[in-house]
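S.K.:
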Amino acid sequence: MAKKIITSLINLLIILSLISCESVFNYKEVEVVIETLHPFEEISGEKVWYTLSYTNALGDISYKHINKNKRSTKILVPKNATIFVCARPLNEFSPIATVINPGEEEKVYLNYKEGYLVSFLQDLYLQNSKAVSSINYKKLYSLLNKKGLLSSFDKLVLARDILNGELEETSIFEVNQLQIELTQAITGYWISENPDEGGFTISDSNYKRVSLSLGDGEHYYINFEKGYIMLIIVESKSKKYFVRIEDLNPEFI
Numbered sequence: 070m071a072k073k074i075i076t077s078l079i080n081l082l083i084i085l086s087l088i089s090c091e092s093v094f095n096y097k098e099v100e101v102v103i104e105t106l107h108p109f110e111e112i113s114g115e116k117v118w119y120t121l122s123y124t125n126a127l128g129d130i131s132y133k134h135i136n137k138n139k140r141s142t143k144i145l146v147p148k149n150a151t152i153f154v155c156a157r158p159l160n161e162f163s164p165i166a167t168v169i170n171p172g173e174e175e176k177v178y179l180n181y182k183e184g185y186l187v188s189f190l191q192d193l194y195l196q197n198s199k200a201v202s203s204i205n206y207k208k209l210y211s212l213l214n215k216k217g218l219l220s221s222f223d224k225l226v227l228a229r230d231i232l233n234g235e236l237e238e239t240s241i242f243e244v245n246q247l248q249i250e251l252t253q254a255i256t257g258y259w260i261s262e263n264p265d266e267g268g269f270t271i272s273d274s275n276y277k278r279v280s281l282s283l284g285d286g287e288h289y290y291i292n293f294e295k296g297y298i299m300l301i302i303v304e305s306k307s308k309k310y311f312v313r314i315e316d317l318n319p320e321f322i
């Protein structure tokens, strides 16, 4: 009797070992690289830490801390899944991002250009991982990039069509940008977190006459001279925006 039990346990261990090996073989290790400095890092001369987030093919998001002195990290992800990856400076600012495609990809590079889209897809992934994982990301990115709408598409329409499995070129609509009047901003040079935007100067001569044209979402600007950060939240459909100015995070000083 004891011999049969021992034999059964050995067989069970062998089966579990095989399952474990098969599971390991279905995963790959990918190096995720922060290739360029965030604009705030560049102007301050200080590197900061990042929070990495990535879809894990289980309907959830996994997180990993990247120390400020590191510019890359390795993650274990399923081989045959599309993985959406974001990294937020100080877990606060708009993300840099990329996508890990199915196959043997071993290294990917995070970039600002894909940040808005991939962050949107991560949020959508939590609602319906199957629908989001099945989209043709390269095609979607190409369509948005061709139309110049990588950070100004109608999220409600695109989300609806992705979740319904009806993603087409007609799913892509531009959201009109809103004119933001900076009547409460502090004088000095303000730099955007978006490398394509650069910055602007508010002086005594143009005070309360500076305006920006911005799309939906959060937009951060830093005034290193005075030590302030400005957050502008835009809701273009309701034609509303909110401006908040507060002391700069000491990690940038």
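Residues 70 to 322 (our numbering) are what the sequence shown spells out, left to right.
No residue lacks a Cβ here, since even glycine has one placed at the ideal position from N, Cα and C.
Please read these numbers as outputs of a predicted model, since none were measured by experiment.
What does the Cβ neighbour count give for Asp-265, buried or exposed, with the cut at 16 atoms within 10 Å?
M.R.: If you number the sequence shown from 1, residue 265 lands on position 196. Looking at its Cβ environment, which holds fewer than 16 other Cβ atoms inside 10 Å, Asp-265 is exposed.
S.K.: Find the nearest neighbour of Tyr-96 within the set Gly-172, Glu-238 and Ile-271, judged by alpha-carbon distance.
M.R.: In the sequence shown, residue 96 corresponds to position 27, counting from 1. Selected option, being the one with the closest Cα: Gly-172.
S.K.: By the three-class DSSP mapping on this structure, what secondary structure does Phe-269 have?
M.R.: Here residue 269 refers to the residue found at position 200 when the sequence shown is read from its first residue. Strand at Phe-269.
S.K.: Tell me the rounded alpha-carbon separation between Asp-192 and Lys-208.
M.R.: For the purposes of this step, residue 192 is taken as residue 123 along the sequence shown, with counting starting at 1. For the purposes of this step, residue 208 is taken as residue 139 along the sequence shown, with counting starting at 1. When rounded, the distance between both Cα atoms is 19 Å.
S.K.: Please name the residue in Lys-295, Val-279 and Asn-160 whose C-alpha comes closest to that of Gly-257.
M.R.: By one-based count along the sequence shown, residue 257 stands at place 188. Closest by alpha carbon: Lys-295.
S.K.: Which residues does DSSP list as the beta-bridge partners of Trp-259?
M.R.: Counted from its first residue, the sequence shown places residue 259 at position 190. Paired residues: Phe-269.
S.K.: Just mark Arg-157 as buried or exposed, buried being the case when its beta carbon has 16 or more other beta carbons within 10 Å.
M.R.: For this step, residue 157 is matched to residue 88 along the sequence shown. The residue in question, Arg-157, is buried, as its Cβ has 16 or more Cβ neighbours within 10 Å.
S.K.: Could you give the residue range of the alpha helix (DSSP H) that holds Gln-191?
M.R.: As a first step, residue 191 must be located in the sequence shown, where it is residue number 122. Counting along the chain, the alpha helix (DSSP H) containing Gln-191 begins and ends at 184-194.
S.K.: Grab the span of the beta strand (DSSP E) containing Lys-199 for me, first residue to last.
M.R.: As a position in the sequence shown, residue 199 is number 130, starting the count at 1. It is not in any beta strand (DSSP E) - Lys-199 instead sits in the alpha helix (DSSP H) that spans 198-202.
S.K.: Beta carbon of Phe-269, beta carbon of Leu-281: below 9 Å?
M.R.: Along the sequence shown, one-based indexing puts residue 269 at 200. Along the sequence shown, one-based indexing puts residue 281 at 212. Yes.
S.K.: Pairing CB atoms from the stretch 116-129 with CB atoms from the stretch 149-164, are three or more of them under 8 Å?
M.R.: Result yes; three or more Cβ-Cβ pairs closer than 8 Å.
S.K.: When the Cα atoms are used, what is the spatial distance from Gln-253 to Val-177?
M.R.: By one-based count along the sequence shown, residue 253 stands at place 184. By one-based count along the sequence shown, residue 177 stands at place 108. Those two C-alpha atoms are separated by around 41 Å.
S.K.: Grab me the residues of Leu-195's own chain with a C-beta within less than 6 Å of its C-beta, minus the 5 sequence neighbours each way, in chain order.
M.R.: Counted from its first residue, the sequence shown places residue 195 at position 126. If we look at Leu-195 and ignore the five residues flanking it on each side, it has no Cβ neighbours.
S.K.: Identify the continuous beta strand (DSSP E) that holds Asp-316 and give its terminal residues.
M.R.: Locating residue 316 in the sequence shown gives position 247, counting from the first residue. Where Asp-316 is concerned, the enclosing beta strand (DSSP E) stretches over 309-316.
S.K.: Do Lys-224 and Val-201 have their C-beta atoms within less than 9 Å of each other?
M.R.: Here residue 224 is taken as the residue at index 155 of the sequence shown, counted from 1. Here residue 201 is taken as the residue at index 132 of the sequence shown, counted from 1. No; because the gap between Cβ atoms is not below 9 Å, this pair is not in contact.
S.K.: Using DSSP with H/G/I as helix, E/B as strand and the rest coil, what is Pro-108?
M.R.: Within the sequence shown, the letter at position 39 stands for residue 108. Helix.
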